[in-house]
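Residue numbers (my numbering), protein chains in the order written: chain U, -1 to 280; chain S, -1 to 280. Each residue gets a CB set at the ideal place from its N, CA and C atoms; glycine is no exception. Source: prediction; values computed, not measured. Step one of this worksheet: look at the structure below.
Number of protein chains: 2
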Amino acid sequence: MIYDSIIIGKGPAGITTAVYLKRYGYEPLIIAKDGGALVHVKEIENYYGFSKITGPELLERGIKQANELQIPILEEEVLEISFENVFFITTTKGIYQAKTVVLACGASKNRYSKADKFEGVSYCATCDGFFYRKKRLALIGSGSYMAHELSVLENITKDITVFTDGASLTAELSEDIPVVVDKIEAIHGEERITAIEAGGKTYPIDGCFIAIGNASGFTLAKHLGIALKNNSIAVDQNYMTNLEGLFACGDAIGGLLQISKAIGEGASCATAIFSYLKKHKS
Amino acid sequence: MIYDSIIIGKGPAGITTAVYLKRYGYEPLIIAKDGGALVHVKEIENYYGFSKITGPELLERGIKQANELQIPILEEEVLEISFENVFFITTTKGIYQAKTVVLACGASKNRYSKADKFEGVSYCATCDGFFYRKKRLALIGSGSYMAHELSVLENITKDITVFTDGASLTAELSEDIPVVVDKIEAIHGEERITAIEAGGKTYPIDGCFIAIGNASGFTLAKHLGIALKNNSIAVDQNYMTNLEGLFACGDAIGGLLQISKAIGEGASCATAIFSYLKKHKS
């Protein structure tokens, strides 16, 4: 089955986009691992209609709303998006196809800013792995997204060390992959990164890949070569990225990180997709 | 007292703007006669957080939210806005002052489209009354906004006939003003309006003023000489009109007439006013 739209994210922006699309007569699918930023919000007082509500309560009301409109929601982690006539969304559990995709997966919280100033640091194995053929690589991360990036890098070099930076390893890796679970103490280098220090030891490297947490909108967009702006996904006035059919809204596109803004954009984004799908009927 | 901001409208856009401003530490005042378009909406299914809710219920929740933040709401009809160092808001009950004003009073529903194609038709006595010195005028309307426009026109000409177009007259007028309560049957003219037909009679006129219902954002903006775009109020990326300190958001500025969009704009508009007030501290 090819969905009219796959929406990545089940926070306010994602649910609103899906609700509008469904009511426009389309079949959306929502994929998200969790509710994103709102999961940890204890008190919301500035969302119209609620004098006071918690993030988890509001998220739950949103899910219920989608359920009542029979919008399917999959609790899966998205690992990669690719495009070949249609979009292919690869998750931890399967591959799904859609005519359009909406990145409504929140602001990027998966950056590793200590490394950002160095050359030789990448957030995308598919994009940059090739530059490190048979070189020594560090891969920072601990979950399934890290494992996905590792599987790409393993075809390029055998010399890879995984750094969890103090997090416990949740991905299952083959035993011959060295894993350092200590906190990272320092990153060395002049212009280019040269070594990582952790647990009192220094590991010389030629390059470093970051794959912390889930693949954020930011990292997914980077994989696809999407234009960015101030570390957010750049969109036009129709909430479309520079890749035809790939849309984004909510915190993922930056600006005011507010529920009100996110749902306003969700409604407008869905309306733009409605026009897009009508024009590209096939 | 000079308010930081007077917000005209107590629908989603107005309340959201006020809630954000209050939480930014400012003192907003809301003035509105009613809840606007939502008053008549029986079923809302596309507003995030509610599987199903009626317009009046949602409006009431919004009012409650403003009340709990001690934001004052006046149930008064706004007749005119003027600017002289500060903004002066004239209502049916008083005059209020503010550093900024937000037009969040919904889409204009007060147009009289049958007359729109003719020259000699105006929505603003203050703007255009002067052109009709000692001429024969028709004034279409029945409430206090019509009475307000009449008071302006009476200084210009004595030959004014009020047409309620079938509505019952709610404004109190002096007895020497002729009032036609019949439905308007036809508007005559070539390029220019020349006569109005009602109750089987034809009334020759030189010009016609429209003052139906409340003064909408559209008419208030016209009075101030604000730039319009497609019959909506034109704003820049900070939701400011071409008059410094006068902002607008929600249905009043056109586009998608949706609660989601309105509250997204309310949040962004308040944030822009926050910056504006900080810059113009005096």
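If residue i and residue j are in contact, beta carbons under 8 Å, what's the gap, nearest whole angstrom?
| i | j | result |
| --- | --- | --- |
| Lys133/S | Gly205/S | 6 Å |
| Asn108/U | Ile185/U | The Cβ separation is near 17 Å, so there is no contact. |
| Gly47/U | Gly47/S | 6 Å |
If you draw a straight line from the C-alpha of residue i to the C-alpha of residue j, how long is it?
| i | j | result |
| --- | --- | --- |
| Ser273/S | Gly264/U | 25 Å |
| Ile69/S | Gly60/U | 28 Å |
| Leu56/U | Ile261/S | 16 Å |
| Tyr45/U | Glu82/U | 39 Å |
| Ala30/S | Ala213/S | 11 Å |
| Glu58/S | Phe161/S | 35 Å |
| Cys125/U | Glu195/U | 26 Å |
| Thr339/U | Lys62/S | The requested residue 339/U does not occur in the structure, where chain U is confined to residues -1 to 280. |
| Asn236/S | Cys267/S | 6 Å |
| Gln139/S | Thr217/S | Before going on, a small fix: residue 139/S reads as Gly here, not Gln. Each residue's alpha carbon lies about 13 Å from the other. |
| Thr200/S | Pro176/S | 14 Å |
| Tyr24/S | Ser111/U | 35 Å |
| Asp2/U | Ile42/U | 33 Å |
| Val37/U | Ser49/U | 19 Å |
| Gln95/S | Gly104/U | 40 Å |
| Ser166/U | Ser149/U | 19 Å |
| Lys8/U | Ile224/U | 22 Å |
| Leu244/U | Ala219/U | 9 Å |
| Arg21/S | Lys279/S | 18 Å |
| Gly187/U | Phe116/U | 7 Å |
| Asp234/S | Gly33/S | 26 Å |
| Val99/S | Ala246/S | 8 Å |
| Phe86/U | Gly92/U | 10 Å |
| Pro54/S | Leu101/U | 33 Å |
| Ile271/U | Ile203/S | 50 Å |
| Lys227/U | Ala113/U | 19 Å |
Between which two residues does the beta strand (DSSP E) holding residue i run?
| i | result |
| --- | --- |
| His186/U | 182 to 187 |
| Ala246/U | 244 to 246 |
| Tyr22/S | First-last for Tyr22/S: undefined, no H or E at that position. |
| Asp2/U | 0 to 6 |
| Ile42/U | That residue, Ile42/U, is in no beta strand (DSSP E); it is neither H nor E in DSSP. |
| Leu27/U | 26 to 29 |
Which residues in the same chain as residue i place their Cβ atom closer than 6 Å to its Cβ, once the five residues preceding and following it in sequence are excluded?
| i | result |
| --- | --- |
| Gly164/S | Lys181 |
| His146/U | Leu77 |
| Asn153/U | none |
| Tyr18/U | Ala265, Ala268 |
| Thr118/U | Looking at the sequence provided, one finds Gly at residue 118/U rather than Thr. Correct list, in chain order: Arg190, Ile191, Gly205. |
| Arg131/S | Ile154 |
| Tyr121/U | Ile208, Thr217, Lys220 |
| Ile6/U | Ile29, Val76, Leu101, Cys103 |
| Ile257/U | Pro10, Tyr45 |
| Val179/U | Thr162 |
Excluding the 5 residues flanking residue i on each side, which residues of the same chain have their C-beta closer than 7 Å to its C-beta?
| i | result |
| --- | --- |
| Leu151/S | Ala123, Gly127, Leu135, Leu137, Ile158, Phe207 |
| Ala64/S | Ile13, Ala16, Val17, Ile28, Ile71 |
| Leu255/S | Ala105, Asp249 |
| Ile0/U | Val84, Gln95, Ala96, Lys97 |
Let me check you understand the geometry: is the CB of residue i closer than 6 Å to at least one non-hydrogen atom of the ligand FMN?
| i | result |
| --- | --- |
| Lys8/U | Annotation note on the ligand FMN: not contained in the displayed structure, which lists no ligands. |
Go through its chain and collect everything with a Cβ distance to residue i's Cβ below 8 Å, but skip five positions before and after it.
| i | result |
| --- | --- |
| Thr89/S | Ile29, Leu72, Glu74, Glu75, Val76, Leu77 |
| Ser142/U | Glu75, Leu77, Thr90, Thr168, Ala169 |
Can you name the start and end residues of the alpha helix (DSSP H) that residue i belongs to?
| i | result |
| --- | --- |
| Ala123/U | 123 to 126 |
How would you list, in chain order, the residues of chain B whose beta-carbon sits under 8 Å from the beta-carbon of residue i?
| i | result |
| --- | --- |
| Ser172/S | The displayed structure is made up of protein chains U and S, and chain B is not among them. |
May I have a chain-ordered list of the alpha helix (DSSP H) segments no shorter than 4 residues that lie completely inside the segment 45 to 115 of chain S? Runs of alpha helix (DSSP H) with 4 or more residues, each lying fully within the segment 45 to 115 of chain S, are found at 53 to 66, 111 to 114, listed in chain order.
With a floor of 3 residues, list each beta strand (DSSP E) that falls wholly inside the segment 134 to 209 of chain U, ordered by position along the chain. 135 to 138, 158 to 161, 182 to 187, 191 to 196, 199 to 202, 205 to 208, all fully within the segment 134 to 209 of chain U.
Going residue by residue through the segment 214 to 262 of chain S, where are the continuous alpha helix (DSSP H) segments of at least 4 residues, counting only ones entirely within it? Fully enclosed alpha helix (DSSP H) runs of no fewer than 4 residues occupy 215 to 221 of the segment 214 to 262 of chain S, in order along the chain.
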